[in-house]
Each structure stands twice: as structure tokens, then as C-alpha cells.
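Numbering (my numbering), first residue to last: 9 to 266.
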């Protein structure tokens with residue numbers, strides 16, 4: 009009997025977050041793209057505005073987070089619902105800060121980046137470590153989701169800055185962030201950098217990647233987009249994401265796949 013393997017399996021079972029795999033990152037990018045198209049659908053297509061849309065998505069975030077925190081272990085539907093909620097909240101809140109309040113992309117990005125770092129420092133000081141793939145207690149889980157909420161808001165501002173202010177466009181911005189994620193992946197496999205630092209770096213970068221991909225799909229042709237429609241794009245991305253979550257969860261549960 010291998011005691012260490014049994015302990016590892018138990019820890020994985022008790023954890024309320026999924027293992028960080030390639031499938032995790034693919035689903036995360038789908039979620040961030042959905043956050044962009046879904047957030048814009050409410051604030052722009054339905055013309056509810058950034059403030060009202062942010063309040064609606066904050067309500068959605070509160071409901072999904074409550075279900076996730078009350079759960080005893082990892083449930084794919086609950087977990088990814090919260091992720092989508094943070095991306096939609098991040099989209100409309102960032103747009104409200106950047107455009108309605110007039111802070112601009114640079115100032116907003118700088119402030120949000122500082123907030124992400126502060127949250128991580130407080131998390132480490134409060135719990136002694138920053139866990140990203142093994143969350144079993146409520147304190148770590150609250151810090152985990154707070155960091156995700158802020159990082160997804162930061163990612164929206166970064167995506168808009170690179171795509172519009174820098175003049176690279178949506179497709180150019182997507183390529184930049186994809187390249188940066190590739191660098192983080194390379195560092196993960198080839199360096200001894202902190203796993204937590206690399207995880208949150210990739211997590212932040214997947215948000216602007218999703219934002220630029222979402223804008224590429226939905227912006228008018230004159231602005232460099234494909235003009236596919238925000239609501240239609242959101243529904244298609246949501247469908248793809250659900251399929252990916254279901255398939256990966258079933259593969260994980262199937263003993264023959266190990």
C-alpha cells in the first residue's frame with residue numbers, strides 16, 4: 009500500500025478547486041472570452057450601461073460564490089460559474105472605471121495590479137502560503153476568489169490598453185498575450201520560479217487574451233472585429249465551455265483514462 013499516494017488522492021478529493029492542467033487553461037480562456045462578450049452584451053447591446061450591468065453581475069457573483077463556498081468539495085458547475093461571474097463583473101467594472109469614471113486604461117491597470125499584489129501579500133501573511141491547486145478551508149477560498157475577481161478586472165483593462173491605446177488592434181493584442189502566456193508556461197517547465205507567482209501571472213494574462221478574442225469576435229468590421237454579435241457569440245462560447253467542462257470531468261472520473 010502506497011501511503012503517500014493515498015494521502016495525495018485524499019487531498020485532491022477534498023480540494024474545492026480543479027487541478028491545474030492544460031484543460032483548465034483552455035476552459036479558463038473560454039470563460040474570460042465569455043466574460044467579455046457577455047459583459048458587453050448586457051452593458052452595450054442591451055444598453056443597460058456599465059454601472060447597472062456591474063450591479064447585476066455582482067449579484068450573479070454573490071449567488072454563485074455562496075454556492076461554491078457552501079459546497080464540501082469541487083463541483084465543476086459551481087466552480088466555473090463563479091469564474092464566469094468574475095469575468096463578467098471584471099468586464100463591466102473595468103469599463104466603468106476606465107470610461108465612466110475617466111481613469112483611463114493605464115491608471116486603472118496600475119491600480120488594479122497593485123491591488124492584486126496587495127491581496128496576495130495579505131493572503132500569504134494571513135495563511136502562511138498561497139495555494140492555487142489545493143483549497144480546503146474557507147479562509148484560503150475567500151482569498152482565492154478575491155484574487156481572481158481583482159485579476160479578471162485588471163485583465164480587462166490590460167486588454168483594452170494593448171488593443172486600443174497601443175494601436176495593436178484586437179488580433180494583435182491577442183497574439184501579444186498568447187505569447188506572454190507561452191513565456192510563463194516555458195518558465196514553469198524550465199525554471200524554479202514560484203508556482204504561485206507563475207499561476208497568477210498566467211491567470212491575469214488569460215483575461216486580456218479572452219478580452220481581445222471576445223472583441224475580435226464581436227466588434228464591427230470597421231473596428232477590426234468580425235461583427236458576429238455579442239449575444240450569439242456568448243451563447244456559442246458558453247455551449248463550448250459546458251461541453252469542455254463535462255468532458256474533462258468525465259475523463260477524470262473514468263478509471264480507464266488514468
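Cβ atoms here follow ideal geometry from the backbone N, Cα and C, with glycine treated the same way.
This one's a predicted model, so the numbers in the text were calculated from it and none came from an experiment.
In this model, residue 213 and residue 42 are separated by some 15 angstroms (Cα to Cα). For residue 231, the closest of 216, 259, 26 and 176 by C-alpha to C-alpha distance is 176. The three-state secondary structure of residue 201, taken from DSSP, is coil.
Bounds of any alpha helix (DSSP H) do not take in residue 55, whose DSSP letter is neither H nor E. Taking a contact to require three or more Cβ pairs closer than 8 angstroms, the region 65-73 and the region 114-131 do not qualify as touching. Between residue 35 and residue 133, the alpha-carbon positions lie close to 30 angstroms from each other. For residue 145, there is no enclosing alpha helix (DSSP H), as DSSP gives it neither H nor E. Restricting attention to alpha helix (DSSP H) runs no shorter than 4 residues, the region 25-87 encloses them at 30-48 and 57-78, ordered along the chain. With a cut-off of 8 angstroms on Cβ pairs, the region 157-172 is in contact with the region 97-115, counting three or more such pairs.
A contact is defined here as three or more CB-CB pairs under 8 angstroms, and the region 40-59 meets this definition with respect to the region 238-258. Counted as a single uninterrupted DSSP element, the alpha helix (DSSP H) harbouring residue 126 occupies residues 113-135. By the C-beta density criterion, residue 187 is exposed, having fewer than 16 other C-beta atoms within 10 angstroms.
Within 10 angstroms of the beta-carbon of residue 201 lie fewer than 16 other beta-carbons, which makes it exposed. In this structure, the CA atom of residue 194 is about 17 angstroms from the CA atom of residue 32.
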